[in-house]
Amino acid sequence: MEKFTVYTGTTVPLMNDNIDTDQILPKQFLKLIDKKGFGKYLMYAWRYLDDKYTEDPDFVFNRPEYRKASILISGDNFGAGSSREHAAWALADYGFKVVIAGSFGDIHYNNELNNGMLPIVQPREVREKLAQLQPTDQITVDLEQQKIISPVGEFTFEIDSEWKHKLLNGLDDIGITLQYEDLIAAYEKQRPAYWQD
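Going by the numbering used here, 68 is the number at position 45 of the sequence shown; the sequence numbering is gapless.
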């Protein structure tokens, strides 16, 4: 996993509440097993007018000025619903590095973190300010300082210290385990081999 320390990007507002994982990535696309390629299907029912991928020009992601946005500003209860990790894959593959919402579905929150993204909880008044930014305005997210720096102000955020450590050091669960490789090997040398037939 890539380290996440300080990230600067532009934002796109999608302020709907209760965007669930089926809206983020509909079930018909769950057959794919590679993390790449899901960005095309992100918010499928909202982005496209038909099954031929004709873009809806009124949907914010399809507006030219927002196409390169990498920070999503959203409503409350983002990522509620089923536990499909594919939804986080779709957000990451589309290019999002940060999602700022009022709250997150618990499993989806962890799925974003496990995929190197930073989900940030902010109150509605902060999100409404950020949603008013111009498409070319950049904001900076400083994970070490736990701060959002924007043209409309600076805002702090909370994150669990273990998740912060993982992101700052680019560690997933396997990477954490490998930090203890020497201890694991030493333990295995002390224990007799055990085979069960």
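By construction, the Cβ of each residue, glycine as well, lies at the ideal position given by its N, Cα and C atoms.
Q) So which of Val121, Asp129 and Gly125 has the shortest CA-CA distance to serine 106? A) Your numbering for residue 106 matches position 83 in the sequence shown. Nearest C-alpha to serine 106: Asp129.
Report the residue ranges of all beta strand (DSSP E) runs contained in full by the region 67 to 123; include only those spanning at least 3 residues, in chain order.
94 to 97
Quiz prompt | For leucine 194 and lysine 59, the rounded distance between their alpha carbons | solution = Start at 1 with the first residue of the sequence shown, and residue 59 comes out as number 36. Start at 1 with the first residue of the sequence shown, and residue 194 comes out as number 171. Taking the straight line from one Cα to the other gives about 20 Å.
Count the CB pairs spanning the region 61 to 74 and the region 124 to 142 that are closer than 8 Å, and state whether there are at least three. no
Within 9 Å, strictly: CB atoms of threonine 44 and glycine 102:
The residue labelled residue 44 in the question sits at position 21 within the sequence shown. The residue labelled residue 102 in the question sits at position 79 within the sequence shown. Taking 9 Å as the Cβ cut-off, threonine 44 and glycine 102 qualify as a contacting pair.
Of the listed residues Glu135, Gln46, Tyr76 and Met38, nearest to methionine 24 (C-alpha basis) | Numbered from its first residue, the sequence shown carries residue 24 at position 1. Looking at the Cα atoms, Glu135 is the closest of the given residues.
Q.
Classify histidine 109: buried if its beta carbon has 16 or more other beta carbons within 10 angstroms, exposed otherwise.
A. Looking up residue 109 in the sequence shown gives position 86. Histidine 109 should be labelled buried.
Are the region 144 to 163 and the region 27 to 42 touching by the rule of at least three beta carbon pairs closer than 8 Å? yes
Q. Helix, strand or coil: which one does DSSP assign to leucine 48?
A. Numbered from 1 along the sequence shown, position 25 holds the residue referred to as residue 48. Leucine 48 falls in the coil class under three-state DSSP.
Requested in this report: Going by CA-CA distance only, name the one from Lys212, Lys189, Arg70 and Gln213 that's closest to glutamine 202.
Outcome: Along the sequence shown, read from residue 1 onward, the residue named residue 202 stands at position 179. Of the candidates Lys212, Lys189, Arg70 and Gln213, the one whose C-alpha sits nearest the C-alpha of glutamine 202 is Lys189.
I'd like the list of long-range same chain contacts for threonine 28, defined as Cβ closer than 7 Å, with 5 residues on each side in sequence excluded. Position 5 of the sequence shown, counted from the start, is the residue given in the question as residue 28. The residues are Leu166, Glu167 and Leu191.
To which residues does DSSP link proline 36 through a beta bridge? Start at 1 with the first residue of the sequence shown, and residue 36 comes out as number 13. DSSP lists Ile96 as partners of proline 36.
| query | Are methionine 140 and alanine 113 closer than 9 Å when you measure CB to CB? | reply | To locate residue 140, count along the sequence shown from 1; it is residue 117. To locate residue 113, count along the sequence shown from 1; it is residue 90. No, the pair does not count as a contact, with Cβ atoms beyond the cut-off.
Does DSSP classify leucine 201 as helix, strand or coil? As a first step, residue 201 is located in the sequence shown; it is residue number 178 there, counting from the start. Helix.
Report the three-state DSSP secondary structure of lysine 54 (helix, strand or coil).
Counting from one through the sequence shown, the residue named residue 54 turns up at place 31. It is coil, neither helix nor strand.
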